[in-house]
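Notes to accompany the following structure.
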Amino acid sequence: MQTAGTDPRADKDVEETKAEEDNTCGPGDDATNDEEKQVDHREQTALGSANTVSAVGEKNGIRLLDVGSKSVLGCLYLHANEDRYVVESNERFHLFAVIDGHAGSKTADFLVGELFKTSLDELDSRFCALIAPKRNESGACLLAILLYVDPSTNIPQKIVLNVGDCRAIVREAPDKRVEQAPTSSDAKTVALSEDHCVHNAKEKALALRRGAAIWDGRIAGILQPFRAFGNIHLKGPDRKNWVIATPEIHQSELLIGRSIFVIATDGVWGTMNNERAMKIAVEELGANGSAQSSANAIADAASRQTNDDVTVIVVSV
């Protein structure tokens, strides 16, 4: 199953860009075609088409208890929602990704259609080469989680790939006892990614080592995330490698039956900390048993405190 959150008012020229590249998406590869549904002028949820098989269940050795997602258009700028998200399950893995576009949605739309067809660094190079003649300055951050069973050990795994300032957190029960559900008070919330921005001292040092100019907490006083796809104007000859798209990758064992994930764009994390976001998710799961109500509650709470676009995915495993 694949569900991709998009906005029907997105930049039309993304299709022109993809048409210019040989051997890109084949029939059925574009996740943005028919699996979108605009709920109203501000919000979108990953509902999928009527004939889509639900991601909840077991297709690859990992049973998903529930999945919910929501995206809300911000009010700060007069443009369509630039966030995107992907929820996909197949025989090999479950994939959940949030994509935070900026300066337009072209980069985000490209990522939705081409995600994991090649390495992320190569994907960025391809996009920048395609977009260079158009002088498009759009960019996007990405946070993706892959859940799968390692065939060599038969142990469930989670891989987190992060480029930018989206974030993923998880709440895990400490042991396998039945009473230790991930909603219990003994479960711990931990961050699965680090924000690539000025507040991350290690990331700032790496950017300065690349020769980046930083003022007002931004690359060239423009871009808040220090890693992003696109943003070709910050990757050209005069600013080579000021911004990179190299993902930070973390892998660890997946605790099945004991894990709740919250994956969100920085529109959420600019309004609440990890503990508050997970508290909302846990309370909604406990009251309604629904990951969708959890995603709704987090997105609604964040959108009341920010003008940025807000996108969140909640997964119970």
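In the UniProt record's numbering, the protein residues as written are 1 to 317. Note that the Cβ used here is the ideal one computed from N, Cα and C, for glycine as well. Fair warning: this is a prediction, and the values are worked out from it, not measured in the lab.
| Query | Result |
| --- | --- |
| Helix, strand or coil, according to DSSP, for Q251 in the structure here? | strand |
| Would you report the Cα separation of D100 and L65, rounded to the nearest angstrom? | 26 Å |
| Consult DSSP for D150 and reduce its assignment to one of helix, strand or coil. | strand |
| Could you pull the start and end residues of the alpha helix (DSSP H) that V268 belongs to? | 266-269 |
| Pick out the complete beta strand (DSSP E) segments inside the stretch 54-141, 3 residues or longer, and give them in chain order. | 66-72, 83-89, 94-102 |
| Would you identify the three-state DSSP class for E203, choosing helix, strand or coil? | helix |
| Is DSSP giving N162 helix, strand or coil here? | strand |
| Residues bridged to L143 by DSSP? | V98, N162 |
| Count the other CB atoms, across all protein chains shown, that sit within 10 Å of the CB of T311; report buried if there are 16 or more and exposed otherwise. | buried |
| Go ahead and pull the three-state DSSP assignment for A302. | helix |
| Could you compute how far the alpha carbon of N307 sits from the alpha carbon of D266? | 11 Å |
| Would the stretch 241-248 count as touching the stretch 199-217 if we require 3 or more Cβ pairs under 8 Å? | yes |
| Would you tell me roughly how many angstroms separate the C-alpha atoms of A201 and E194, rounded to the nearest one? | 11 Å |
| When the distance is taken between beta carbons, is A97 closer than 8 Å to Y85? | yes |
| Check whether the stretch 150-160 and the stretch 243-263 touch, using three or more Cβ-Cβ pairs below 8 Å as the test. | yes |
| Anyone know if the C-beta pair for G164 and R218 falls short of 8 Å? | no |
| Span of the beta strand (DSSP E) holding K188? | 188-191 |
| Report yes or no: do three or more beta-carbon pairs, one from the stretch 166-173 and one from the stretch 255-262, lie closer than 8 Å? | yes |
| Comparing C-alpha positions only, which one of T246, N231, H196, D83 sits nearest to D109? | D83 |
| Using CA coordinates, which residue listed in A132, L111, A281 is at the minimum distance from S294? | A281 |
| Taking the alpha carbon of G139 as the point to measure from, which residue in F116, K106, K279 has its own alpha carbon closest? | K106 |
| Exposed or buried, what is I313 when buried is set at 16 or more other beta-carbons lying within 10 Å of its beta-carbon? | buried |
| Short of 7 Å in beta carbon distance, which residues of its chain neighbour N33, apart from the five on each side in sequence? Order them along the chain. | Low confidence applies to N33: its pLDDT is 34, below 50, so where it sits in the model is not reliable enough to give any reading. |
| In terms of DSSP beta bridges, what is E172 paired with? | K188, S259 |
| Ignore the nearest five residues each way along the sequence and tell me which others in T246's own chain have a CB closer than 8 Å to its CB. | L120, D121, V163, R227 |
| What separation, rounded to the nearest whole angstrom, lies between the Cα atoms of residue 318 and E91? | In the structure displayed, the chain extends from 1 to 317; residue 318 sits before or after that span and is not available. |
| Which residues in the same chain as E284 place their Cβ atom closer than 7 Å to its Cβ, once the five residues preceding and following it in sequence are excluded? | S290, S293, S294, A297 |
| Helix, strand or coil: which one does DSSP assign to Q292? | helix |
| Roughly how many angstroms separate the alpha carbons of A302 and T189, rounded to a whole number? | 19 Å |
| Looking at the secondary structure, which residues open and close the beta strand (DSSP E) in which residue 364 lies? | Residue numbering for the chain in the displayed model covers 1 to 317; residue 364 lies beyond these limits and cannot be assessed. |
| Give me, in chain order, the residues of the same chain whose beta-carbon lies closer than 6 Å to that of F261; leave out the 5 immediate sequence neighbours on both sides. | V170, V315 |
| For the putative contact between V198 and G61, defined by C-beta atoms under 8 Å, what is the C-beta separation to the nearest angstrom? | Between G61 and V198 the Cβ distance is about 41 Å, and since that is not below 8 Å, they are no contact. |
| Out of T153, F116, A129, which has the shortest C-alpha to C-alpha gap to L142? | F116 |
| Just to confirm, does P174 get its C-beta within under 7 Å of one of the non-hydrogen atoms of the ligand GDP? | Absence of the ligand GDP from the depicted structure is noted, as is the absence of any ligand whatsoever, leaving it without description. |
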